[in-house]
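Colleague:
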Amino acid sequence: MDLVPASIVDKIVALHPISNDGNQDLMMWLPPPPDGTFSVASAYSFLVGFHDIPRSHLAEVIWSWKDSDHCPRCPLTKTALHACRDCPLAHAMWKSLFQIDDSHHFFSMDLPSWCRLNLQCSKIIIGVVWNLVFGIAEDSLWQCRNILIFENTDTDLPPLLHEIAAKCRSIAKGLKGSIQALFRSTQPNNLIIRWVFPDFDWIKLNMDGAFSSSKSLAARGGVVRDHHGAFIFAFS
Ligand SMILES: [Zn+2]
18 MDLVPASIVD
28 KIVALHPISN
38 DGNQDLMMWL
48 PPPPDGTFSV
58 ASAYSFLVGF
68 HDIPRSHLAE
78 VIWSWKDSDH
88 CPRCPLTKTA
98 LHACRDCPLA
108 HAMWKSLFQI
118 DDSHHFFSMD
128 LPSWCRLNLQ
138 CSKIIIGVVW
148 NLVFGIAEDS
158 LWQCRNILIF
168 ENTDTDLPPL
178 LHEIAAKCRS
188 IAKGLKGSIQ
198 ALFRSTQPNN
208 LIIRWVFPDF
218 DWIKLNMDGA
228 FSSSKSLAAR
238 GGVVRDHHGA
248 FIFAFS
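Quick look at the structure:
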């Protein structure tokens, strides 16, 4: 066993010995799954050599993740607007950041109108123009939901607000108002947006979704790449 690599031993063990019982030969699929069942996924994995690469914990979590129609934080049905604005943590966050109460029309607008309001607002909060705060807050909120789903750890409002304020102050200090002027401008701006490589030995999942309210259809998809930017897998 010390002289032959374990992967070779496994392949030898997987070979069926010649039998004398006179049965017909059968077509067998040797790569995983080991029950001989063929699938496109196992063929692709075998051809690109993924079966020899141990999966990371994160990949196992992603592959075994079961989505649900219900919010992971409260008993209400999960919608984009619920996740972004109406879930209890999000609701409390916006009330505190935007300095409004429950009766404000901020909480009764539909999704397109609500996005338009936030992206066009030039109110200054924590030294930063609101439409920039809006993006920072949504990003922090989304990270909180990921931590809740994948690590089963909920986030309290005070640390979330603290994190958003720290990011806003850092941006306000670092960019010295240049990007704020950009966001305040009513003229179209050309911004270069590109994919950023994850840290060494990490993988990155980029995903997006779309919903048609007129047809009640929704779709989503994603792609996972390694720290070289090489494709690992995708889903839709
Ligand atoms: Zn909720």
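So in the working numbering, the last one in the sequence shown is 253, and the numbering has no gaps at all. C-beta: ideal position from N, C-alpha, C; glycine also.
1. Give the DSSP-derived three-state secondary structure of residue 145 in the structure shown.
2. Would the beta-carbon of residue 90 be found less than 6 Å away from any heavy atom of ligand 1?
3. Please classify residue 249: does DSSP put it in a helix, a strand, or coil?
4. Considering only their Cβ atoms, is the gap separating residue 95 from residue 103 smaller than 7 Å?
5. Measuring only the C-alpha atoms, how far is residue 71 from residue 162?
6. Ends of the beta strand (DSSP E) at residue 229?
7. Check each candidate in 26, 229, 247, 22 and name the one with the smallest Cα separation from residue 128.
8. Apply the 10 Å Cβ neighbour rule to residue 16 and answer buried if 16 or more other Cβ atoms are within range, or exposed otherwise.
9. Cβ of residue 136 within 7 Å of Cβ of residue 148?
10. The beta strand (DSSP E) with residue 234 in it runs from where to where?
11. Give a single yes or no on whether residue 101 has its beta carbon closer than 6 Å to a heavy atom of ligand 1.
12. Could you check what DSSP says for residue 33 in three-state terms: helix, strand or coil?
Modeller: Straight from the coordinates:
1. In the three-state scheme derived from DSSP, where H, G and I count as helix and E and B as strand, residue 145 is classed as strand.
2. yes
3. strand
4. No, the Cβ-Cβ distance between residue 103 and residue 95 is not below 7 Å.
5. 27 Å
6. 221–229 is the span of the beta strand (DSSP E), which, as asked, contains residue 229.
7. 229
8. With the chain covering 18 to 253 only, the question about residue 16 has no answer from this structure.
9. yes
10. 234–242
11. When distances are taken from the beta-carbon of residue 101 to the heavy atoms of ligand 1, even the shortest one reaches 6 Å or more.
12. coil
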